[in-house]
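In my numbering, the protein residues as written are 99 to 650.
No residue lacks a Cβ here, since even glycine has one placed at the ideal position from N, Cα and C.
Here the structure is laid out as C-alpha cells; the discussion comes afterwards.
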C-alpha cells in the first residue's frame, strides 16, 4: 500500500525527530554514567591514599588500574605513561639512543644476548655471552632497581663505561662505549639463496620498512634475481602506511590495498597504491607462520588476493584491527583500536572476537560456521575470520622436549659462548657444520648439567593414572601402567642420540650467530628450513606455481 506523499513526509520527519530525541537521551545518559563512575573512582582513590595502611604510589596505582581497564577490551589498546614514551617511540620508529646490544636476565645475571651489526656495541668489542656487572660504576646485580638495558641508553655521543665478565677470563673487562643513534632494521637480512632466487627477511614495519624493502629488492635484482622470497614469519606488524607502501611495490598503481572501517565514520578510508610498482611479473613466494600479524597479514593478504604470488607456511595470526595513537595530558599517550581492516577481496582476517567474551572473561576464536567465502582476483576461494591461510601449508615443526629443555635452560646458548672462546674463527654461516666429534664434546659437556624434562607421553600416562585412581580402575590396570611407564620413560642419553639432527642444527645456528650476529643466525638456518625448501621446490616447478595462482 502506497502512502500519500504528504503523509510519507510527515512520517519520515517524525522518525527523524524521534531518532534525534532518542540519540540525545542515550548520549546524555552515557555522559552521566561516565561522570558518575569517574567521580566514584576519584573518591575511592582519595580514600585509599588517606587511609590505606601502607603508603600508596599514585603513579603505579593509576597505571595498574588503567592497564586492567584496557585489558578488558583487547591486547592492542595500550596506555603509555610519560616515562614509557621513549619505548613507544622506539616501537614506532625503530630508533633509540644507546649502544646496540640486547641484554637479558639469566639466573639473576645481565647477559648480552645479541649485538647488532655496525653499532657502538660491536665496535667496542662487546661479545655475545658477556655478563654486564657494572654500568658507569653502578652494580647491576646488587641494585634491584638497576636495569642494565635502560642504563645503557642515553644521549648520542655520551660515553658509558661497561664492566663485563667474559667466559674464559679471570678478571673483569672495562669497555668504554660511545652511545649513538641505533636503528633497528626492518630487514635484518637479504641476499641471494641461489643463482636466481633472492630472499628478503622482513621482520618489522617501522617508519623505514618500505625504503628497506625497496633497496633490498633493487640490489637483489641487480645481482640477477629472477624469483623472490619474502619472509614475514615472526613479524608482529607495525605501521599501516608501511604495509600499503610495501604492497605497492608489487601491484599496479591505484590498486586497492586495504579499507578501514570503525565507529568514527569520518575515519573510514580506502587506501590505494599511490606509486608505480617496481615489478608486476617476477614470481614471488611469501613465507608466513602463526606469528605473522597485522601489517604482515595485510602484505600477505594483498599478494594472495591479487594472485601476485604464492603463500607458503602456516595460517597467520589473525589480527584484523587498526590502532590509532591519541595524545593525552602530561605527555602520555593512548594507542587505541579504532577500526577493522579489510583486504582487497573484502575479507577481514580478524580471528578473535573481543566484543563477545565468555563468562570467565576469556575470548574465543570466530567459529568456522560464521566465516564467509570471498574470491581472489583470479576467482580462488578464500575465507575471512581466521588469519590468512597459505596456498601451500607446511606443518609447523614442534620442537622435541629435549631440544626445548636445552634451549629454555640456556644450555645451547652457553655452549655457543664456550665454542666461540675456544675457536677464533669458523667457516661462513651457510657452510658451518659441527662434526660428529664436536657433537660428542657437547654431549660430554652436558654430563653435569641439569636439563630434565617430561615428555607428552609421560604427561598423558600421568593423567591416565590419576583418572584410573579417581574412577577406581587403578588396581585393574596398574601392572599395565607400570609396564608402559617403564617402556616410555625417557633417557636423556638416548634422546641426545635420537634427536641429534635437531639438536645439532640448533647448536650450529646459535654458534653461527655468535660469530656473524643476526645474519649468521639466518644463513645457518637455510639448510634445514622447511618453508624455504618448499619455496625453492615450487620455483623449480613453475607449472605448479602458475596452476596454484590460477586456482587449478
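| message | Just verifying my parser: in three-state terms, what is the DSSP assignment at residue 230? | response | In the chain shown, the residue the question calls residue 230 occupies position 132. If DSSP states are grouped into helix, strand and coil, residue 230 belongs with the strands.
| task | Scan the region 544-578 and note each continuous alpha helix (DSSP H) run of 4 residues or more that stays entirely inside, going in chain order. | result | 554-568
| For residue 208, which beta-bridge partners are listed by DSSP? | Residue 208 sits at position 110 when you count from the first residue of the chain shown. DSSP lists 203 and 230 as partners of residue 208.
| message | Looking only at its chain, what residues have a beta carbon closer than 8 Å to the beta carbon of residue 468, apart from the 5 residues adjacent to it on each side? | response | Locating residue 468 in the chain shown gives position 370, counting from the first residue. Answer for residue 468: 483, listed in chain order.
| task | On a CA-only basis, which of 226, 303, 228 and 219 is nearest residue 275? Give me that one, please. | result | Here the question's residue 275 lines up with position 177 in the chain shown. Checking every option, the nearest Cα to that of residue 275 belongs to 219.
| said: Closer than 8 Å is the cut-off here; do at least three beta carbon pairs connect the region 316-332 with the region 285-297? | reply: yes
| If you scan the region 130-189 from start to end, which runs of the alpha helix (DSSP H) of 4 or more residues do you find wholly inside it? | 156-169
| said: Tell me the residue span of the beta strand (DSSP E) that contains residue 471. | reply: Within the chain shown, residue 471 is the residue found at index 373, counting from 1. First-last of the beta strand (DSSP E) with residue 471: 471-473.
| Residue span of the alpha helix (DSSP H) that contains residue 357, given as start and end | Along the chain shown, one-based indexing puts residue 357 at 259. No alpha helix (DSSP H) holds residue 357; the beta strand (DSSP E) holding it covers 354-360.
| field | One or two residues paired with residue 303 in a DSSP bridge | value | Along the chain shown, read from residue 1 onward, the residue named residue 303 stands at position 205. Note: residue 303 sits in a beta bridge opposite 336.
| said: Restricting to Cα atoms, I'd like to know which of 235, 257, 241 and 211 is closest to residue 222. | reply: Locating residue 222 in the chain shown gives position 124, counting from the first residue. If we check each option's Cα against that of residue 222, 257 comes out closest.
| Is DSSP giving residue 640 helix, strand or coil here? | Within the chain shown, numbered from 1, the residue matching residue 640 stands at position 542. DSSP places residue 640 in helix when its eight states are reduced to three.
| task | Tell me residue 275's beta-bridge partners as DSSP assigns them. | result | Taking the first residue of the chain shown as position 1, residue 275 is located at position 177. For residue 275, which the question treats as bridged, DSSP gives the partners 258.
| Complete beta strand (DSSP E) runs within the region 432-461 (minimum length 3 residues, chain order) | 450-455
| task | Count the other CB atoms, across all protein chains shown, that sit within 10 Å of the CB of residue 315; report buried if there are 16 or more and exposed otherwise. | result | In the chain shown, counting from the first residue as 1, residue 315 sits at position 217. Label assigned to residue 315: buried.
| Beta carbon of residue 259, beta carbon of residue 234: below 8 Å? | Along the chain shown, read from residue 1 onward, the residue named residue 259 stands at position 161. Along the chain shown, read from residue 1 onward, the residue named residue 234 stands at position 136. Their beta carbons are under 8 Å apart, which means residue 259 touches residue 234 by this criterion.
| Is it right to say residue 610 is buried, meaning 16 or more other beta carbons lie within 10 angstroms of its own, or is it exposed? | The residue labelled residue 610 in the question sits at position 512 within the chain shown. Flag for residue 610 reads buried.
| Should residue 264 and residue 228 be called a contact, given that it needs their Cβ atoms to be closer than 8 Å? | Here residue 264 refers to the residue found at position 166 of the chain shown. Here residue 228 refers to the residue found at position 130 of the chain shown. Contact: yes.
| field | Proximity winner among 311, 216, 534 and 563, relative to residue 279 (alpha-carbon distances) | value | The count along the chain shown starts at 1 and reaches residue 279 at position 181. Checked all of 311, 216, 534 and 563; the closest Cα to residue 279 is 216.
| Cβ separation of residue 430 and residue 143, assumed to be a contact under 8 Å, to the nearest whole Å | Here residue 430 corresponds to residue number 332 of the chain shown, with the count starting at 1. Here residue 143 corresponds to residue number 45 of the chain shown, with the count starting at 1. Rounded, the Cβ-Cβ distance is 17 Å, inconsistent with contact.
| message | In whole angstroms, give me the CA-to-CA distance for residue 307 and residue 590. | response | Residue 307 sits at position 209 when you count from the first residue of the chain shown. Residue 590 sits at position 492 when you count from the first residue of the chain shown. Rounded to the nearest angstrom, the two C-alpha atoms are 44 Å apart.
| said: As a quick exercise: from 493, 212, 190 and 160, pick the residue whose alpha carbon is nearest that of residue 511. | reply: Locating residue 511 in the chain shown gives position 413, where the first residue counts as 1. Minimum Cα distance to residue 511 is reached at 212.
| Close Cβ partners of residue 346 (< 6 Å) along its chain, the five nearest in sequence each way excluded | Counting from 1 along the chain shown, the entry for residue 346 is found at position 248. Counting only Cβ-Cβ distances below 6 Å, and skipping sequence neighbours, we find 371 and 373.
| Going along the chain, which unbroken runs of the beta strand (DSSP E) with 3 or more residues stay wholly within the region 486-539? | none
| query | Hey, out of 407, 164, 529 and 415, whose CA is closest to residue 389's CA? | reply | Along the chain shown, one-based indexing puts residue 389 at 291. Selected option, being the one with the closest Cα: 415.
| request: Classify residue 296 as helix, strand or coil using the three-state DSSP reduction. | output: In the chain shown, the residue the question calls residue 296 occupies position 198. Residue state, collapsed to three classes: strand.
| query | Between 537, 377, 411 and 130, which lies nearest to residue 319 when the distance is taken from Cα to Cα? | reply | Your numbering for residue 319 matches position 221 in the chain shown. For residue 319, the nearest C-alpha among the options comes from 377.
| request: Report the rounded CA-to-CA distance for residue 554 versus residue 494, giving the unit in angstroms. | output: One-based indexing of the chain shown puts residue 554 at position 456. One-based indexing of the chain shown puts residue 494 at position 396. Cα to Cα, residue 554 sits roughly 17 Å from residue 494.
| message | Helix, strand or coil for residue 269? Go by DSSP, reduced to three states. | response | Your numbering for residue 269 matches position 171 in the chain shown. Reduced to three states, the DSSP call for residue 269 is coil.
| query | Between residue 121 and the rest of its own chain, which residues show a CB-CB distance below 8 Å, the 5 nearest in sequence each way excluded? | reply | In the chain shown, the residue the question calls residue 121 occupies position 23. Bear in mind that a pLDDT of 47 at residue 121, under 50, signals an unreliable position, so the number given afterwards is only what the model happens to contain. Here the set comprises nothing.
| message | Rounded to the nearest angstrom, what separates residue 545 and residue 624 at their Cα positions? | response | Within the chain shown, residue 545 is the residue found at index 447, counting from 1. Within the chain shown, residue 624 is the residue found at index 526, counting from 1. Rounded to whole angstroms, residue 545 to residue 624 spans 30 Å at the Cα level.
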